[in-house]
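To keep things clear, I will list the structure first and then write my remarks on it.
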Amino acid sequence: MISRRNTLSKGERLCGKKNIQELFNQGSSFYFFPFKVYYSLPTEAEGNHSALFSVPKRLVPKATKRNLIKRRIKEVYRKNKPEFYDIPISRPLIIAYIYTARKILNYADIESSMIRCQQILADKIHNTQKDEEKS
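With our numbering applied, the sequence shown corresponds to residues 3 to 137, in that order.
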């Protein structure tokens, strides 16, 4: 059995204005409370999946609370990443998780929502790949 480290390295975090703009302009999206999830399978991407985590200032005005929520989201993603990476995807995936709740949810609620978002995302990617193979 191969043991994987549950890390969230710099390469796994989406950064760069061009990449982020491309994701929001050309990517697809869906909503599952408390997340609005944008995703894209770019053709020229290399490496691992990349993720972006955002908590809008308009919804959560205090920076300390926004940071708490982002830490919880990143921790949930990091802990559940191995199951998500086991899904067979032909290209690296670019994902943005936008937190949409106005209150601070506890860790368990964020975790259950994130797991469900990852399942929905896996289904959507699987269907997209099926459609591409037919074309």
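In this text, a Cβ means the ideal position worked out from N, Cα and C, and glycines have one as well.
CA-to-CA distance, residue j to residue i, given in whole angstroms
i: Val57; j: Asn129; result: 29 Å
i: Arg15; j: Ile96; result: 9 Å
i: Ala110; j: Phe32; result: 21 Å
i: Arg68; j: Ile100; result: 12 Å
DSSP beta-bridge partners of residue i
i: Lys38; result: Tyr33 and Ile100
Three-state class that DSSP yields for residue i in the structure shown
i: Leu54; result: strand
i: Arg15; result: strand
i: Ser92; result: coil
i: Leu107; result: coil
i: Arg118; result: helix
i: Glu113; result: helix
Bounding residues of the alpha helix (DSSP H) (the contiguous stretch that carries residue i)
i: Val78; result: Ala65 to Tyr87
Residue i beta carbon near the ligand PLP (any heavy atom closer than 7 Å)
i: Lys19; result: Inclusion of the ligand PLP in the displayed structure is not the case, the ligand content being empty and no account of it being possible.
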